[in-house]
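Residue numbers (the numbering used here), protein chains in the order written: chain A, 1 to 377; chain B, 1 to 290. Here a beta-carbon is modelled for each residue, glycine too, at the ideal position from N, C-alpha and C. For reference, the structure discussed in these notes is given below.
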Amino acid sequence: MKIHESDARAIFTRFGLPVPPSRLVADPRAAEAAAEELGCPVVVKAQVLVGGRGKAGGVKLASSPREAGEKAGTILGMEIKGLAVEKVLVARAVDIVKEFYAAMVFDRVTRRPMMMVSPSGGVDIEEVARTAPERILKLPLNPEGGLMPFQTRRLTSFLTGDRAVAKQIGAVLQALYDAFMGVDASLAEINPLVLSQDGTVWAIDAKINIDDNGLFRHPEIEALRDTADEDPGETAAREAGLSFVKLDGSIGCVVNGAGLAMATMDMIKHYGAEPANFLDIGGSSSPDKVLAAMRIILRDPSVKAILINIFGGITRCDDVAMGLIEAKKRLGLDVPLVVRLTGTNAREAGELLAGTDLIGAETMDEAVKGAIAAARG
Amino acid sequence: MSILVGKETRLVVQGITGRDGGFHARQMIAYGTKVVAGVTPGKGGAKTEDGVPVFDSVADAVAATGADTSVIYVPASFAADAVCEAADAGIGLVVCISEGIPVRDMVRALPFLRERGTRLIGPNSPGVISPGLAKVGIMPGEIHRQGRVGVISRSGTLTYEIVHHLSQSGFGQSTCIGIGGDPIVGTNLLDAMSLFAADEGTDAVVLIGEIGGNDEELAARMIRDGYPKRVAAFIAGRTAPPGKRMGHAGAIIAGGAGTAEGKIAAFKEVGVEVADTPAQIVDIVRRVTG
């Protein structure tokens with residue numbers, strides 16, 4: 001789950017990272033008041049859950065409270081990558097001498113938490129990774145021992161030769177590690193971490209993604225969820241316990257299992273059409289989940305046919321069939337439904353569906369071709 | 001021949017009194033797996049309907065029954081602990097079916113397992129099956145056939161789909177390993193390939209990969225450097241948009257890395273054929289084993 005910069009800053013502050021004071025506001029007058037209170041210059045930053053805010057003009061410096069109000073007025077009306085800016089962060093500006101990069105992730109290869117630092121901060125780190133990979137130091141860490149002093153020395157000496165600065169950065173890296181592990185993050189990133197004119201170090205940006213599987217431990221973070229960047233279907237699916245991603249095609253898909261769901265989408269494309277969505281109804285699925293899935297897919301007016309592809313294991317085909325019959329009854333289906341049910345209790349499912357007008361298919365290939373033909377009418 | 005599980009496997013089911021654990025314990029027994037014990041804290045002393053003795057701890061189960069392999073069906077918030085408990089009791093192979101375990105819990109459990117010499121399959125795995133010998137997991141046993149093709153997959157039902165095609169075309173399997181759909185797993189694609197490399201009962205290995213991470217790229221490198229078995233591959237997620245998690249916690253294209261195109265290209269570069277559809281795997285297996 002992504003969270004806003006303002007929320008990430010609050011978490012960083014809680015773990016002792018040096019974050020300049022800031023206020024979250026929703027109108028220009030409040031921005032002006034915030035700038036007055038914090039002391040100028042300030043930076044006014046759009047709070048949207050997408051990257052590239054700076055390039056889009058969503059981050060501006062203001063040297064007076066009045067200017068902060070004006071800048072906030074401009075930014076609050078903007079749309080960044082399709083998302084309306086509803087709030088801005090007003091933060092005390094830092095006089096920057098040097099910009100660094102620091103982040104924590106889990107490394108899939110070493111299967112450990114990993115810290116990454118670079119003396120090239122303030123730019124897109126993926127660009128640095130492409131053009132100057134030697135300017136990024138990646139250090140896998142021991143998940144029990146955490147960041148050890150020798151590792152801190154290695155990381156800080158990669159960034160600076162100044163011992164006073166290195167000492168401050170060392171404390172920042174330790175706090176970043178603690179924050180990352182403490183909130184079950186999948187990413188905690190400071191870009192940039194800056195050295196100011198007066199020799200102090202500040203985290204002037206904050207980005208945290210939370211591991212969805214760890215959210216149950218952090219209800220206060222779950223409460224921060226902003227669904228503005230989600231398709232409404234995705235929000236509804238999450239609430240129904242389904243995994244759903246909206247796509248642009250015309251064939252709706254209901255599949256059990258993420259791998260098979262992706263393979264189904266790929267096959268639709270392979271046979272010349274486009275999938276309307278990714279949807280995994282999960283393992284031990286009940287008729288209710290199938291009904292919820294159908295409801296979510298039918299929200300999308302571009303769906304011309306729905307393909308049900310189930311390979312029963314833990315999922316029982318008769319459960320799915322009952323869900324489909326229920327959906328047919330309650331949702332007034334007017335798009336053709338092509339159904340392929342195989343595996344656990346497939347025969348019982350076949351008997352349940354025998355009297356209906358659903359289009360049956362034996363294999364996945366047959367089902368996909370059938371759905372494409374049905375969509376073309 | 002097979003790897004990981006076979007006739008000699010003595011299985012303990014952690015979470016046997018739960019709905020999923022109970023159902024699948026019965027399915028595994030019906031398949032012929034030696035299920036010697038179950039564990040549910042607080043329910044020690046009971047017996048399941050199938051007559052499997054239940055213990056309070058894995059240590060008790062091991063002491064009483066000589067269990068050497070464990071399969072885990074406990075809720076995600078307790079699963080990492082269950083994995084560590086099994087390792088601490090001396091279990092050599094732990095298969096974790098539970099889905100939704102926080103990554104932080106997994107990275108903390110892995111060094112604990114390494115210290116005790118325990119191998120973990122999963123989490124978020126459909127399990128391991130050596131057809132005709134033993135099934136440890138949730139896969140439908142009847143679609144499998146005994147044979148000489150090894151299968152390694154990050155997915156559950158997609159594996160069933162491909163195994164179904166293989167079996168129907170006469171290509172039985174030595175062992176099928178579901179390594180799990182999470183970003184951090186106990187046995188990754190390369191580890192599983194190494195296990196098959198040493199198995200005389202396996203002629204060819206089918207790799208079922210998906211978007212996210214770079215395991216498939218590393219597998220391609222392993223093949224280039226000399227892998228003793230023939231390989232066929234399938235990669236799911238060619239149509240997956242970047243930045244979106246496709247069901248599996250590990251299935252995400254991040255920062256332009258982890259795409260299906262990249263993985264397919266890596267395989268093709270080292271001469272491994274990649275199937276466009278699940279059914280095509282059969283043709284590739286026929287060619288590489290023929």
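Asked	Found
Serine 250 of chain A beta carbon less than 7 Å from that of lysine 289 of chain A	no
Whole-number beta carbon distance between glycine 178 of chain B and serine 153 of chain B, since they are thought to touch under 8 Å	5 Å
Alpha-carbon spacing of threonine 239 of chain B relative to threonine 175 of chain B, whole angstroms	30 Å
Proximity test, valine 183 of chain A beta-carbon vs the ligand FMN heavy atom, cut-off 6 Å	This structure lacks the ligand FMN, and indeed carries no ligand of any kind.
Residue-level contact to chain A via CB, lysine 244 of chain B, 7 Å cutoff	yes
7 Å Cβ shell around phenylalanine 23 of chain B - same chain, five flanking residues per side excluded	none
Glycine 45 of chain B versus alanine 354 of chain A: straight-line alpha-carbon distance, rounded	47 Å
Other residues of its chain near alanine 279 of chain B: CB distance less than 6 Å, five sequence neighbours each side excluded	His165
Rounded separation between asparagine 142 of chain A and alanine 240 of chain A - CA only	37 Å
Any C-beta of chain B under 7 Å from that of valine 245 of chain A	yes
Sequence-distant residues of the same chain with beta carbon closer than 7 Å to glycine 69 of chain A, five excluded per side	Pro28, Arg29, Ala31 and Glu32
Distance, valine 163 of chain B Cα to isoleucine 143 of chain B Cα	7 Å
Buried versus exposed call for alanine 332 of chain B [16 or more other C-beta atoms within 10 Å across all chains shown]	Residue numbering for chain B in the displayed model covers 1 to 290; residue 332 of chain B lies beyond these limits and cannot be assessed.
Run of the alpha helix (DSSP H) containing leucine 190 of chain B, from where it starts to where it stops	189–197
Residues in the segment 209–243 of chain A having any Cβ partner in chain B nearer than 8 Å	Asp211, Asp212, Asn213, Gly214, Phe216, Arg217 and Ser243
Which of helix, strand or coil DSSP assigns to arginine 221 of chain B	helix
Length of the line joining the Cα atoms of glutamate 230 of chain A and arginine 299 of chain A	14 Å
Aspartate 280 of chain A - containing alpha helix (DSSP H), residue span	That residue, aspartate 280 of chain A, is in no alpha helix (DSSP H); its beta strand (DSSP E) goes 277–280.
Identity of the residue in B:Gly237, B:Ala25, B:Asn124 and B:Thr33 nearest tyrosine 270 of chain A by Cα	According to the sequence provided, residue 270 of chain A is histidine. The question's tyrosine does not apply to it. Ranking the options by Cα distance to histidine 270 of chain A, first place goes to B:Gly237.
Residues from the segment 88–106 of chain B in contact with chain A, defined by Cβ distance under 7 Å	Gly100, Ile101, Pro102, Val103 and Arg104
For proline 342 of chain A: DSSP bridge partner residues	The sequence shown places threonine at residue 342 of chain A, rather than the proline named in the question. Its beta-bridge partners are A:Phe311.
Which residues DSSP lists as bridging isoleucine 3 of chain A, in chain order	Note: isoleucine 3 of chain A sits in no beta bridge, so no partner.
Buried versus exposed, by CB contacts within 10 Å (16 or more), glutamine 14 of chain B	buried
Threonine 202 of chain B to aspartate 226 of chain A span [Cα, whole Å]	50 Å
Coarse secondary structure for glycine 15 of chain A, derived from DSSP in three states	First, the amino acid is wrong: residue 15 of chain A is phenylalanine here, not glycine. Reduced to three states, the DSSP call for phenylalanine 15 of chain A is coil.
Glycine 38 of chain B - partner residues in DSSP beta bridges	B:Val13 and B:Val54
Nearest-angstrom beta carbon gap, glycine 199 of chain A and alanine 164 of chain A [assumed within contact, 8 Å]	7 Å
Of the residues B:Asp50, B:Ile72 and B:Arg26, the one placed nearest leucine 93 of chain B, counting alpha carbons only	B:Ile72
With 16 other Cβ atoms within 10 Å as the buried cut-off, status of valine 97 of chain A	exposed
C-beta neighbour in chain A for arginine 230 of chain B, strict 7 Å	no
Straight-line gap, valine 36 of chain B to glycine 42 of chain B (C-alpha atoms, nearest Å)	18 Å
Contacts of serine 125 of chain B in chain A (Cβ-Cβ under 9 Å)	Per Cβ cutoff of 9 Å: no residues; serine 125 of chain B is ~12 Å from chain A at best.
Min CB distance isoleucine 314 of chain A to chain B below 7 Å	yes
Neighbour flag for threonine 291 of chain B against chain A, beta carbons, 7 Å	Shown here, chain B extends from 1 to 290; a query on residue 291 of chain B therefore has no answer.
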